[in-house]
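Going by the working numbering, the sequence shown opens with residue 9, and the numbers climb by one from there.
All remarks here apply to the structure that follows.
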Amino acid sequence: MTNSTKYYITTPIYYINDKPHIGHAYATIAADVLARYHRQQGRDVKFSTGVDENAQKTVNAAEARGAKDIQAYTDEMAAVWQNTWKSLGISNSDFIRTTEASHKKAVYAFLKKSIESGDIYKGYYEGLYCVGCEEFKTEGELVEGLCPLHKTKPELVKEENYFFKLSKYRQPLLDYIKEHDHFIQPVSRYNEVVAFIERGLEDISVSRLKKPWGIPWPDDKDQTIYVWFDALINYLTAAGYPDKSYTDWWPANVHLVGKDIIKFHCIMWPAMLMSAGLELPKSIFAHGFFTIDGTKISKSLGNSIDPTELANQYGIDALRYYLLREIPFGADGDFSQARFATVYTTELANDLGNAVQRVTVMINKYLSGAIGEVALSGHDESRYREAMEHFKLDRALDEVWELV
Ligand code: MSP
């Protein structure tokens, strides 16, 4: 059971079909800011991130690059992601790779619980699968037959699969979410999830037939565990599940996710946890999406900015500052290099730089160059703390500016 001296925060685990872009760095940087804040408050912090390797898109990306050995490709890409976080000074305590044995062990232990609850059954599935989303789509979700996110035609899948009784958890989920109003944040996402569940939940397929890559279904080598079912369990793997000590960290305080993956985190994952008889995370916070100069980040448009290059140009702290200052946390926003340059000069170099310069001069002049005990007399930090505790990172920055 987590208590006030412990804090467990997670980022999504990222697909490795490509290297990180600035949108991915956004979530990881925000999680890092929160992790550092909670450490400063004297809490013991677990901060996990990682890579989601068992996806079909891993195989497609490896093949597109002519890589014969998919595991070797994932090793190479996992290192790219890890190095990016290092270059950005990210203070994660864990880096989960879903091809690791410890994760497989956690997935099997979890699935066993779900099977024992009677929530897994075999059935026939016919549906449209979007590899980009790694998700089955309904006709209603498509626009002119294409996935609205990836603009690709989903493939028709007809096969025998294992199913998870998601429908059984409709009412328990609604009750839980309504009783815990901080469970899903911000409130716009809470409303979206509640409305979705109220429309009804169907059972979901949680395995794929004859897929050579991924975690094999236990005792049925023809089936592979559906990548989202395996990926969500990473949050338990990082806590040490199924070893008993996992309750030192579980339930997590917060899963930080992008708004595109809230259904997986706010519906599928809590239902899976209920089925396995485990506690639910204390909260799930969804941040918004941002565009670059008004355009969606896309590889084909060639606008996917490398966060390491930006950090090299402006410095890690300036990059963190700009991302959190410019985009209200939880809302959508836009990233513009021109705007970054302006904010860098006006707010950081001029305003903050001048304040630091003046304070330095005064320390030399009046305190013989030794700062001694610092007391921000008369300054009330409670609003800053309040903002940080409630994921209002841009509000916390407003408080800092008040002081500056
Ligand atoms: N592998 C899944 C997550 C599994 S978690 C159990 C996945 N991976 S992802 O690499 O596609 O996306 C990871 C995160 O990056 C998501 O939270 C997504 O919202 C975020 N972002 C990707 N592009 C983004 C922007 N342009 N802006 C903000 N966040 C973005 O989904």
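Every residue gets a Cβ at the ideal spot worked out from N, C-alpha and C, and that includes glycine.
- Per DSSP, PRO20 is one residue of the beta strand (DSSP E) stretching across 14-23.
- Relative to the ligand MSP, ALA35 has its C-beta within less than 7 Å of a heavy atom.
- Taken in chain order, the unbroken stretches of alpha helix (DSSP H) that lie wholly in the region 109-149 and span 4 residues or more are 109-124.
- Taken from the Cβ of GLY31, at least one heavy atom of the ligand MSP lies inside 7 Å.
- Across the set VAL262, LEU136, LYS65 and ALA349, the C-alpha of ALA349 shows the shortest separation from the C-alpha of ALA319.
- Short note on ILE305: C-beta closer than 7 Å to some heavy atom of the ligand MSP.
- Around the C-beta of ARG105, 16 or more other C-beta atoms lie within 10 Å, and the residue is accordingly described as buried.
- Looking at the DSSP output, GLY58 bridges to ILE21 and ILE104.
- Within the region 325-385, the complete beta strand (DSSP E) segments at least 3 residues long are 341-343, listed from N- to C-terminus.
- Per DSSP, the beta bridge partners of TYR170 are LYS130.
- Between the alpha carbons of THR82 and HIS111 lies a gap of roughly 15 Å.
- Secondary structure of THR160 (DSSP, three-state): coil.
- Apart from sequence neighbours up to five positions away, the residues of its chain that approach SER291 with a beta-carbon distance below 8 Å are HIS190, PHE191, ILE192, GLN193, ASN261, VAL262 and HIS263, ordered along the chain.
- ILE233 has its Cβ no nearer than 7 Å to any heavy atom of the ligand MSP.
- Counting every other CB atom within 10 Å of its CB across the protein chains shown gives ARG328 a total of 16 or more, marking it as buried.
- With a cut-off of 8 Å on Cβ pairs, the region 56-67 is in contact with the region 9-25, counting three or more such pairs.
- In this structure, HIS273 keeps its C-beta atom at 8 Å or more from the C-beta atom of ALA35.
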